[in-house]
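Single-structure report; data block below.
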Amino acid sequence: GYCLVRSSGDGLIGASPGGEFVYGTVVSTDVLVSAKADAQASFARTVAASCAYVEESSRRPAVLGPEGVFDAEAAETCAVAEVAAALSVSTRTVTEWLFLTRTARPAVAEAFEAGRLAYAAFRTVCRSVAGVPNATEALLQRIIGAASRCTPGAVAAAVDRILAEFDAQWHRKARERAVSERVATVRKLPRDQSELIIRGPAEQVAAMWRNITAAARGVTDPTSLPARLFDAAHALVTGTVSSEPADHAVIVLDAATAAGLAGEPGHLVGWGPVPADVAR
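Heads up: the sequence shown is residues 2 to 281, going by this note's numbering.
See below:
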């Protein structure tokens with residue numbers, strides 16, 4: 002391959018496989034960050050334009066229901082489908098854009114529009130602060146700053162840490178929401194595959210996973226570990242084999258909480274915080 006080294010000037014000296022040297026312009030990290038922000042702002046404009054189109058189309062009396070009465074809901078459904086087709090995205094995606102645009106806190110919406118937040122971070126922040134009606138502007142700015150610096154998968158955990166400092170009952174509220182939002186869905190994938198997704202309270206999902214890994218230990222088929230885990234999960238779900246519950250889970254909590262004198266969240270190893278009473 003190529004070996005690139007930074008020169009003392011404003012270029013790069015590169016050694017090619019043939020031995021000759023090439024000179025090029027240095028692209029600074031500031032340029033990369035600016036390009037990222039521009040791309041995120043551009044996507045935000047696409048989302049805003051799509052939502053504006055749907056809102057405008059929904060007010061036009063072009064869709065009539067029974068007896069010739071204008072049906073605003075049907076008009077919006079048609080507009081969503083039109084935008085989805087034009088942009089080659091799902092109607093579910095456009096519907097999500099609409100919901101987030103209509104419910105986002107002003108500070109969060111402004112950060113998204115300015116390119117400070119990627120769409121995935123914007124969505125996570127919106128969902129997280131929806132359960133905090135008393136969120137202050139300072140709190141929102143702190144959350145936005147943390148979310149803008151995180152990788153996509155780390156945004157939720159970073160936001161939760163900040164909200165837990167703001168509200169001592171945050172983990173309990175998060176758990177209650179996890180219970181209410183538990184779902185199992187199937188998504189069809191290319192090449193004759195599908196994906197089963199289970200989401201819900203961490204301790205319940207952890208218990209499922211322990212049973213799957215326990216069952217997989219008894220599989221002697223010389224396939225890869227992921228394949229053995231799939232076979233074990235399939236056998237458990239379809240009832241073709243039974244499995245004893247895994248031996249234990251590891252919970253970490255401080256002594257005062259364990260004694261009932263404090264309410265700090267416990268930590269389910271491998272999954273994250275759980276309310277104090279659940280940890281006990």
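We put the CB at the ideal spot given by N, CA and C, even for glycine.
Residue burial is scored here from C-beta neighbours: residue 123 has at least 16 other C-beta atoms within 10 angstroms and is therefore classed as buried. Closest in alpha carbon position to residue 239, among 30, 213 and 262, is 213. With fewer than 16 other CB atoms across the displayed protein chains lying within 10 angstroms of its CB, residue 180 is exposed. For residue 202, the three-state secondary structure derived from DSSP is coil.
Distance check between residue 197 and each of 204, 259 and 235 places 235 closest, using alpha-carbon atoms only.
Inter-segment contact for the region 147 to 158 and the region 116 to 130 is present: three or more beta-carbon pairs are separated by less than 8 Å. The region 126 to 140 makes no contact with the region 39 to 49; the number of CB pairs closer than 8 Å stays below 3.
In terms of CA proximity to residue 164, 175 leads the group 175, 270 and 59. Residue 237 is a Cβ neighbour of residue 216, given a cutoff of 7 Å. Rounded to the nearest angstrom, the Cβ distance from residue 167 to residue 140 is 6 Å, consistent with a contact under 8 Å.
A straight-line Cα-Cα distance of about 37 Å links residue 191 and residue 106. Take the alpha-carbon of residue 207 and the one of residue 72: they are about 46 Å apart. Taking each of 56, 205 and 94 in turn and checking the Cα distance to residue 183, the smallest one comes out for 205. The alpha carbon of residue 104 has as its nearest neighbour, out of 79, 131, 88 and 82, the alpha carbon of 131.
With a minimum length of 3 residues, the unbroken runs of beta strand (DSSP E) contained wholly in the region 113 to 199 fall at 184 to 190.
When DSSP states are grouped into helix, strand and coil, residue 266 belongs to the coil group.
By the neighbour-count criterion, in which 16 or more other beta carbons inside 10 Å mark a residue as buried, residue 34 falls on the exposed side. Here residue 55 is near residue 81, since their CB atoms are less than 7 Å apart.
The three-state secondary structure of residue 276, taken from DSSP, is coil. Secondary-structure assignment with DSSP links residue 252 through a beta bridge to 269.
Inter-residue distance for residue 113 and residue 159 is about 18 Å (C-alpha atoms, whole angstroms).
Collapsing the DSSP output to three states places residue 61 in coil. Shown here for residue 250: same chain residues with a beta carbon closer than 8 Å to its own, the five before and five after excluded, namely 204, 207, 208, 211, 269 and 270 in chain order. Between residue 86 and residue 95, the gap from beta carbon to beta carbon reaches 7 Å or more. Counting other Cβ atoms within 10 Å of its Cβ, residue 153 stays below 16 and is therefore classed as exposed. Annotation: residue 155 to residue 101 spans about 20 Å, alpha carbon to alpha carbon. Residues 116 of the same chain have their beta carbon placed closer than 6 Å to that of residue 38, with the five preceding and five following residues left out of the count.
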